[in-house]
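**Student:** In the working numbering, the protein residues as written are 1 to 115.
A virtual CB, placed ideally from N, CA and C, is assigned to each residue, including glycine.
Note that this is a predicted model, so its numbers are computed, not measured.
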């Protein structure tokens with residue numbers, strides 16, 4: 001659930017991040033992540049059900065990696081050693097630039113959440 005919690009925190013705290021670009025990069029995973037967030041919000045004990053297919057982290061692996069990189073770049077040290085984030089070499093440079101641009105130019109009101 002670390003991946004899903006990371007996604008929820010990043011989206012909640014950084015609403016000015018270019019999420020539409022992330023959605024375009026990983027449309028299927030974005031949809032899976034939103035569906036998983038809805039499933040868990042509707043039933044916080046979802047992980048204890050027999051079928052956890054809808055919330056499997058493999059369904060949104062790249063979304064959690066992007067969200068993890070964003071939060072780590074903004075000072076969330078508790079995620080630094082988490083080994084569940086697997087970067088996508090195909091989009092790594094673009095994602096790092098997106099995060100850097102957001103931190104440098106696009107945070108606006110979101111910079112209040114930086115610790």
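Assuming residue 107 and residue 16 form a contact by the criterion Cβ under 8 Å, report the distance between their Cβ atoms to the nearest whole angstrom.
**Tutor:** Going by Cβ atoms, the distance from residue 107 to residue 16 rounds to 6 Å, so yes, they are a contact pair.
**Student:** Pick out whichever of 69, 100, 75 and 74 has its Cα sitting closest to the Cα of residue 86.
**Tutor:** For residue 86, the nearest C-alpha among the options comes from 69.
**Student:** Give the list of continuous alpha helix (DSSP H) stretches no shorter than 4 residues that lie fully inside the region 45 to 99.
**Tutor:** List check, alpha helix (DSSP H) in window: 61 to 73.
**Student:** Give the secondary structure of residue 105 by DSSP, where H, G and I count as helix, E and B as strand, and everything else as coil.
**Tutor:** Here residue 105 sits in helix by DSSP.
**Student:** Hey, could you find the ends of the alpha helix (DSSP H) residue 4 is sitting in?
**Tutor:** Residue 4 -> alpha helix (DSSP H) spans 2 to 13.
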